[in-house]
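Numbering (the numbering used here), first residue to last: 27 to 386.
Beta carbons are placed, not taken as given, at the ideal position from N, Cα and C, and that holds for glycine.
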Amino acid sequence: MRFPRLKSVAGGNLKEKPMLNLNKWNCFATKFGLMTFVVGTLSFAQSPIRVLFWGGTTTTTHNSRALRDTLTPVFAANNLTLNYREATSHSWLNPDSLAQYDVAFLYTTDQTGTDMSATQLSNFISWIAAGHVAVAFHGSTNTYLNNGTLSANWGNLLGGLFLDHGNGTSDNGGTITFKQPLHASLTGTTALPTSATATGGQPYWDEGRRHKSFTSDTIILARSRMNTVDTATPWIWVRAQGNGWVYYNCSGHDGQTWKRPEFKGQVVQAIKWGAGIATTGLRGRAALQPLLDLHQSQIAVPFDEPHTVRITDMTGKKVFFRSGSKASNYDLSPLPQGAYYLEVLISNKGAFRSLYLQKP
């Protein structure tokens with residue numbers, strides 16, 4: 027089942043944006059015999075999710091081949107197929123090759139030369155903008171830093187550039203806090219612990235990371251308060267790129283982190299979120315998620331633009347329809363208790379679709 031391509035949002039600012047409160051807007055389907063939505067992504071049983079694993083040069087710590095080997099059984103268990111490509115000539119960054127993938131997983135690091143051309147980077151950006159998602163971790167933001175114009179374009183794509191590890195030194199990643207309610211890319215995951223003490227004495231350490239040159243459309247999903255830094259720094263974020271999205275997560279310095287179930291869970295969920303956007307056309311849902319204000323039995327559309335709010339029952343019968351051209355609040359309380367489909371279409375901003383459970 028494929029939905030039409032929908033336009034996403036590319037705007038906003040670096041401040042945390044209010045996320046959609048899904049606590050009272052339950053996504054469910056089992057008792058109704060429907061396909062299951064998991065906060066904006068579709069449950070895939072029919073075909074594997076095709077993942078391009080873009081690895082970096084092999085170093086002692088940021089060893090992308092070792093990470094590939096760690097994640098291969100995890101990917102297989104979650105119906106993800108992995109195709110590993112290493113950052114050398116980047117000859118695979120062409121439209122025909124990229125068309126084979128649903129999601130790109132990036133663990134690039136330490137490439138500071140000019141081994142990726144502007145055309146190859148443009149091909150990758152165009153692939154994302156066409157409706158795909160890049161899921162980047164850790165050292166991806168300190169890649170190609172000495173590559174002139176390409177470095178700036180790379181930083182703009184990922185949403186920020188690496189600055190340091192916190193006061194100029196490597197430091198524990200600190201206390202990582204997810205913004206509530208959780209973004210769809212973090213649903214079902216938990217934050218990594220901060221120390222060996224928090225893990226029952228199991229040896230564990232991850233590297234602190236601070237960034238600069240954030241793009242104006244960065245949406246912060248998690249922050250870290252490092253031991254040597256007073257301010258909580260962005261740790262996980264997303265940004266829109268045309269009809270696609272980029273997800274970045276600071277975690278993942280070496281095997282201490284890779285082996286942890288929290289890390290594996292975050293990788294898998296981010297990829298599944300990305301695949302849902304790429305293969306179902308639901309990226310419009312993710313685009314409007316930080317912007318719509320939904321409460322029990324009420325929805326607020328905060329845009330002075332043409333829009334429609336439509337609700338249908340499980341048979342497809344329209345039970346609620348409103349349209350407007352200015353910011354409006356719509357009362358949903360007349361709807362009887364039950365299950366519905368909710369759809370909001372906003373001119374020039376995209377579409378939001380979800381199962382909606384009306385409570386008394």
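Three-way DSSP call (helix, strand, coil) for residue 112 in this model: strand
Rounded distance between the beta-carbons of residue 211 and residue 247, thought under 8 Å: 7 Å
Between the CA atoms of residue 104 and residue 270 - distance to the nearest angstrom: 22 Å
Contacts around residue 154, its chain only, beta-carbon distance under 6 Å, and the 5 residues preceding and following it disregarded: 160, 267 and 270
Close-in-space but distant-in-sequence residues of the same chain around residue 107 (CB under 8 Å, 5 per side omitted): 74, 75, 76, 77 and 101
Reduced DSSP secondary structure (H/G/I, E/B, other) of residue 367: strand
First through last residue of the beta strand (DSSP E) which encompasses residue 215: Taken as a continuous stretch (DSSP letters only), residue 215 belongs to no beta strand (DSSP E), as it is neither H nor E.
Cutoff 6 Å; reference residue 345; Cβ partners in own chain excluding five residues on either side: 337 and 339
Rounded C-alpha distance that separates residue 162 from residue 130: 8 Å
Contacting residues, own chain, Cβ-Cβ under 6 Å from residue 112 (five flanking each side not counted): 81
C-beta contact flag for residue 239 and residue 192 at 8 Å: no
CB of residue 216 within 8 Å of CB of residue 291, strictly: yes
Residue 361 and residue 333 closer than 8 Å at C-beta: no
Cβ-Cβ distance between residue 184 and residue 272 below 8 Å: yes
Cα-Cα separation between residue 355 and residue 331, rounded to whole angstroms: 14 Å
Assigned secondary structure, residue 203 (DSSP; H/G/I helix, E/B strand, else coil): strand
Pairwise C-alpha distance: residue 152 and residue 301: 17 Å
Cβ-based neighbour list, residue 98, same chain, cut-off 8 Å, excluding 5 preceding and 5 following: 108
Within 8 Å, strictly: CB atoms of residue 202 and residue 218: yes
Cβ-Cβ distance between residue 244 and residue 263 below 8 Å: yes
Below-8 Å beta-carbon distance, residue 267 vs any chain D residue: The displayed structure is made up of one protein chain only, and chain D is not part of it.
Beta-carbon contacts of residue 294 that lie in its chain and below 7 Å, excluding the five residues immediately before and after: 100 and 104
Proximity below 8 Å, CB of residue 144 to CB of residue 176: yes
Spatial neighbours of residue 195 in its chain, beta-carbon cut-off 6 Å, leaving aside the 5 residues before and after: The predicted position of residue 195 is uncertain, since its pLDDT is 45 and thus under 50; no value can be drawn from it.
Neighbourhood of residue 417 by C-beta distance below 6 Å, restricted to the same chain and skipping five residues each side: Residue 417 lies beyond the residue range present for the chain, which begins at 27 and ends at 386; the question has no answer from this structure.
Residues bridged to residue 190 (per DSSP): 236
Proximity to residue 92 [Cα-Cα], best of 358, 284 and 342: 284
Collapsed DSSP secondary structure at residue 281 in the structure displayed: helix
Limits of the unbroken alpha helix (DSSP H) element including residue 149: 144–155
Residue range of the unbroken beta strand (DSSP E) whose run includes residue 260: 259–267
Residues sharing a beta bridge with residue 129, DSSP: 77 and 159
Collapsed DSSP secondary structure at residue 176 in the structure displayed: helix
Residue 299 - DSSP class collapsed to helix/strand/coil: helix
When 365, 280 and 324 are compared against residue 341, the one with the closest alpha-carbon: 365
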